[in-house]
Amino acid sequence: MPREVKCTTQVSQDNHSEVFMSHLTPKENEKLISLVGRRCTVTGKINGKTVEVLSDTRAQVSIVSAKFLQENCTNKDVSELLNCDLTLMAANGNTIPYTGWVELNFQVGESEYALPVLFLVTNENVELPLVGFNVIEHLIKTHKLNCGVILSNFVGMQVALASALVELVNTVNHDELCPVKTRKKNVIIPLGQSVKLSCRANTGPSKPTPILFEADENSQWPSGLEVSDTLLTVKGGKSSRVESEVRNTTRHDIQLRVRTVLGRLQIVQSVVPKFYP
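Residue numbers (the UniProt record's numbering): 1 to 277.
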């Protein structure tokens with residue numbers, strides 16, 4: 001059986017291929033696993049050759065063996081990964097060595113659309129090429145992969161599950177990570193004071209990520225409570241502690257009840273420093 005592969009960082013490259021990002025929340029990822037399992041076999045084509053690949057719902061990197069390249073893509077040279085601190089881990093905790101990366105065209109089944117994908121190359125005996133689920137997700141989001149193609153080429157897939165998978169991927173908000181709620185106890189905000197609240201966020205990114213905490217203006221807060229937008233960095237993992245600053249503008253104490261939604265975390269595309277004259 002192929003080994004589970006996890007990637008601790010992204011792959012950096014300087015060519016024309018895209019890097020396909022996924023920001024499924026932990027809850028969305030659990031629903032995804034319930035639909036297709038943690039790993040599923042997919043019939044597809046790599047550089048025009050019909051093959052079976054493994055799609056791992058937790059993998060954000062695609063991997064192919066050097067042996068596969070030698071047997072199927074003899075005209076492809078492996079490029080080096082420069083200035084990239086990347087570690088591949090098998091399920092048993094052992095590292096998987098890699099020799100570089102290669103760009104290969106991937107398509108699901110007999111679909112006409114072939115997507116250029118960056119594959120890491122390993123000398124390990126990987127039974128099937130691994131295609132990160134971010135690639136499948138990208139194909140669905142760009143309407144290049146529909147229910148019929150999924151049903152025909154995902155082993156064991158059923159009609160209802162194929163429809164649910166497409167619906168799930170298309171409803172994911174890739175700019176929004178998750179809501180931020182107060183902790184499991186009531187909090188008192190003294191009159192006229194600002195307080196930083198430690199909140200839990202089920203963030204789910206694979207590495208430390210800059211995000212924007214944006215106050216939820218539609219939330220049913222007590223009158224006189226102000227919540228500030230904040231730019232911060234969350235740690236990688238299923239959950240993080242996020243500090244949110246709230247201000248009581250009234251002349252009396254305000255009580256925030258348990259699990260009050262204060263705002264949401266938004267993906268930050270870039271951070272530009274502002275200089276004042």
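All residues carry an ideal CB built from backbone N, CA and C; glycine is no exception.
- If only complete runs of 3 or more residues are kept, the stretch 158–244 shows the beta strand (DSSP E) at 176–181, 187–189, 194–201, 209–215, 225–227, 230–234, in order along the chain.
- With 16 or more other CB atoms across the displayed protein chains lying within 10 angstroms of its CB, residue 57 is buried.
- For residue 159, the CB contacts under 8 Å within the same chain, skipping 5 residues up- and downstream, are 147, 151 in chain order.
- A Cβ-Cβ distance of about 23 Å is found for the pair residue 60 and residue 109, leaving them out of contact under the 8 Å criterion.
- Just measuring C-alpha positions, the residue of 135, 34, 112, 75 sitting nearest residue 63 is 135.
- In this structure, the straight-line span from the alpha carbon of residue 264 to that of residue 247 is close to 18 Å.
- Counting of Cβ neighbours within 10 angstroms places residue 240 among the buried residues, the total reaching 16 or more.
- Judged by beta-carbon spacing, residue 256 lies beyond the 8 Å limit of residue 216, meaning their Cβ atoms are not closer than that value.
- When C-alpha distances from residue 67 are compared across 208, 118, 125, the shortest belongs to 125.
- Ranked by Cα distance from residue 208, the options 232, 178, 42 are led by 232.
- A residue is called buried once 16 or more other Cβ atoms fall within 10 Å of its Cβ, and residue 155, having fewer, is exposed.
- In the DSSP assignment, residue 119 falls outside any alpha helix (DSSP H) and lies within the beta strand (DSSP E) extending over 115–122.
- Per the coordinates, the alpha-carbon of residue 228 lies some 28 Å from the alpha-carbon of residue 171.
- If you draw a straight line from the Cα of residue 97 to the Cα of residue 65, it is about 11 Å long.
- Going by C-alpha positions, residue 212 is about 5 Å away from residue 266.
- Under the three-state reduction of DSSP, residue 127 is assigned to coil, being neither helix nor strand.
- Counting C-beta atoms within 10 angstroms of its own C-beta, residue 223 has fewer than 16 neighbours from the protein chains shown and is therefore classed as exposed.
- No Cβ-Cβ contact shorter than 8 Å links residue 185 with residue 242.
- If you ignore the 5 residues before and after residue 119, its C-beta comes within less than 8 Å of the C-beta of 62, 63, 64, 101, 102, 103, 104, 129, all in its own chain and listed in chain order.
- Bridge pairing for residue 265: 178, 213 [DSSP].
- Between residue 161 and residue 111, the beta carbon gap of about 19 Å keeps them out of contact (Cβ cut-off 8 Å).
- DSSP places residue 45 within a strand segment (E or B) once states are collapsed to three.
- Following the DSSP letters along the chain, one finds residue 62 inside the beta strand (DSSP E) bounded by residues 62–65.
- When 190, 201, 192, 193 are compared, the shortest CA-CA separation from residue 182 is found for 201.
- Under the 10 Å beta carbon count, residue 218 is surrounded by fewer than 16 other beta carbons and is classified as exposed.
- Put simply, of 191, 54, 214 the residue whose alpha carbon is nearest the alpha carbon of residue 36 is 54.
- Here residue 260 is buried: its Cβ has 16 or more other Cβ atoms, across all protein chains shown, within 10 Å.
- Pairing residue 33 with residue 137, the inter-Cα distance amounts to about 13 Å.
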